[in-house]
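Those protein sequence lines, which keep their order, are chains D and B. With this note's numbering, letter number 194 in the first sequence gets 633, and the count goes up by one each step, no holes. With this note's numbering, letter number 124 in the second sequence gets 563, and the count goes up by one each step, no holes. Backbone N, C-alpha and C define an ideal beta-carbon position, used for all residues, glycine too.
Protein chains: 2
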Amino acid sequence: MKYELYYWPEIQGRGEYVRLALEEAGAAYVDVARGPRGTSAMMKMMDGHKGTPPFAPPFLKAGKLVIGQTANILLFLGARHALAPKTEGGRLWVHQLQLTITDLVVEIHDTHHPLGPSLYYEDQKPPAKKRTADFWSERVPKYLGYFEQILADSGGTYVTGRRLTYVDLSLFQIVDGLRYAFPKRMKAFETDIPSLVGLHERIAARPNIKAYLASERRIPFNEQGIFRRYRELDG
Amino acid sequence: MKYELYYWPEIQGRGEYVRLALEEAGAAYVDVARGPRGTSAMMKMMDGHKGTPPFAPPFLKAGKLVIGQTANILLFLGARHALAPKTEGGRLWVHQLQLTITDLVVEIHDTHHPLGPSLYYEDQKPPAKKRTADFWSERVPKYLGYFEQILADSGGTYVTGRRLTYVDLSLFQIVDGLRYAFPKRMKAFETDIPSLVGLHERIAARPNIKAYLASERRIPFNEQGIFRRYRELDG
Chain D
440 MKYELYYWPE IQGRGEYVRL ALEEAGAAYV DVARGPRGTS AMMKMMDGHK GTPPFAPPFL
500 KAGKLVIGQT ANILLFLGAR HALAPKTEGG RLWVHQLQLT ITDLVVEIHD THHPLGPSLY
560 YEDQKPPAKK RTADFWSERV PKYLGYFEQI LADSGGTYVT GRRLTYVDLS LFQIVDGLRY
620 AFPKRMKAFE TDIPSLVGLH ERIAARPNIK AYLASERRIP FNEQGIFRRY RELDG
Chain B
440 MKYELYYWPE IQGRGEYVRL ALEEAGAAYV DVARGPRGTS AMMKMMDGHK GTPPFAPPFL
500 KAGKLVIGQT ANILLFLGAR HALAPKTEGG RLWVHQLQLT ITDLVVEIHD THHPLGPSLY
560 YEDQKPPAKK RTADFWSERV PKYLGYFEQI LADSGGTYVT GRRLTYVDLS LFQIVDGLRY
620 AFPKRMKAFE TDIPSLVGLH ERIAARPNIK AYLASERRIP FNEQGIFRRY RELDG
């Protein structure tokens, strides 16, 4: 069985956390919307999936199951591909961390869209500047400080110790994205998060991830996704 | 074993989705922070829970497990108290819906805090007005229209059919909260969501929920929580 991933074809966005897990696992998958007529196939799934339609991409088709919500997809893949602990407590802990990353991703998106997702960035620049200032002074230290502490306390290579989980892959993406979107701010901040910076390096060097990042399957960052480089927001 | 719920003692907030599930299940629990020295006990758990500290309330202590993130707590309680389907597909579907409610809750909070959670509402009134206008014209129809459709298609009394799940309880809270925060806007909108309005009534009439809502355990809505009644935002 090949998985079918459905996500917007031109951005990393929330789909990227799923792509990283599929790539690390070496799972067979099709990134459907990047193929011919793929976006209309995606729309058809959303409108027509009787009974259990996804609210929004990404969603994953796995045999008969259609699973929506990024963290939910990772909960499913984590169990199937040994990217999460097997115990109930471990599984819930890793999912809890992923949901905290989900919250962080919303706040990253809100830096350029404080007035809501329907308006263009160009129509909300002054509030975006204020929200970004608060994000970097209050929220980044709180979120990344939290993950830094957990990682430093883990006594291992990864968040839960010696075994990789999908949360490590997602944290790689957070560091990578913040470096893209806020190069100046992030450079100054990185001295506070040595463990996360080390994690980013280790993930990037894993063979499957390294091959993925060098491939055309990895969509470059751009100004349509979650992480956007707007010079005026970079302090 | 008595569950220990840890959440801010003066608001419904995100803790309310957990409280509703515990109450419906008739589960034994202590709302720790509402007791003497409860808030400091909560803070101690957050700072001191070695290895797996929660990022923020609510979190639930269940024996040795400490589980954070609202939707994650409900995932756990749903399986324990028959508030979720037993099949893998059903369990993931209900969790997916809960995560969509989680997204909606963030957007509800952002109506009064578009510039971020660190600033006071009073310091962000004009952007709050803009964000709220967009929320009601674009986001409420999209989110509530989605749940309305699923409920109308379910052919039963609840979202998944004849059996109650924690998602039904959370949708009750969404309708209840929007009625509190935006009485005028919600009144006008309710003709579009007859199934959700019916669900709200059915949940409110369930014996355990009815008793809970009439008790002092149900904290009244107020202007510190997610749902805030600010007349200038009610159109």
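- Where glycine 490 of chain D is concerned, there is no enclosing beta strand (DSSP E), because DSSP gives it neither an H nor an E.
- The Cβ neighbour count for tyrosine 559 of chain D, taken over all protein chains shown within 10 Å, is under 16; the residue is labelled exposed.
- The residues Tyr456, Leu459, Leu513, Gln537 and Ile540, in chain order, have a CB closer than 8 Å to that of serine 609 of chain B in the same chain once the five nearest residues on each side in sequence are set aside.
- For a Cβ distance threshold of 8 Å, residue set Pro553, Leu554 and Gly555 of chain B lies close to arginine 570 of chain D, ordered along the chain.
- With contacts defined by Cβ atoms closer than 8 Å, phenylalanine 611 of chain D and alanine 643 of chain D form a contacting pair.
- Taken atom to atom, the span from the alpha-carbon of glycine 600 of chain B to that of alanine 523 of chain B is near 12 Å.
- Here glutamate 462 of chain D carries a helix assignment [DSSP, helix/strand/coil].
- Here the alpha carbons of glutamate 527 of chain D and methionine 440 of chain D stand approximately 27 Å from one another.
- Residue range 498 to 501 is occupied by the beta strand (DSSP E) that includes alanine 501 of chain D.
- With its beta carbon less than 8 Å from one in chain D, glycine 490 of chain B belongs to the interface.
- For threonine 539 of chain D, the residues of chain B that pass the 7 Å Cβ criterion are Phe494 and Gln508, in the order they occur in the chain.
- For tyrosine 585 of chain B, a Cβ of chain D is located within less than 8 Å of the residue's own Cβ.
- Note on the stretch 495 to 563 of chain B: whole alpha helix (DSSP H) runs with a minimum of 4 residues are 509 to 519 and 527 to 551, in chain order.
- Rounded to whole angstroms, the separation of the alpha carbons of asparagine 511 of chain B and tryptophan 447 of chain B is 18 Å.
- In the structure shown, tyrosine 585 of chain B adopts helical secondary structure according to DSSP, grouped into three states.
- Excluding residues up to 5 positions away in sequence, Glu443 lie with their Cβ nearer than 6 Å to the Cβ of lysine 500 of chain D in the same chain.
- For valine 614 of chain D, the enclosing alpha helix (DSSP H) has its first and last residue at 605 to 620.
- The Cβ atoms of valine 579 of chain B and isoleucine 589 of chain B do not sit closer than 8 Å to each other.
- Under the three-state reduction of DSSP output, glutamate 662 of chain B falls in the coil class, being neither helix nor strand.
- Neighbours of tryptophan 532 of chain B in chain D, taken as residues at a C-beta separation under 7 Å, are given in chain order as Thr491.
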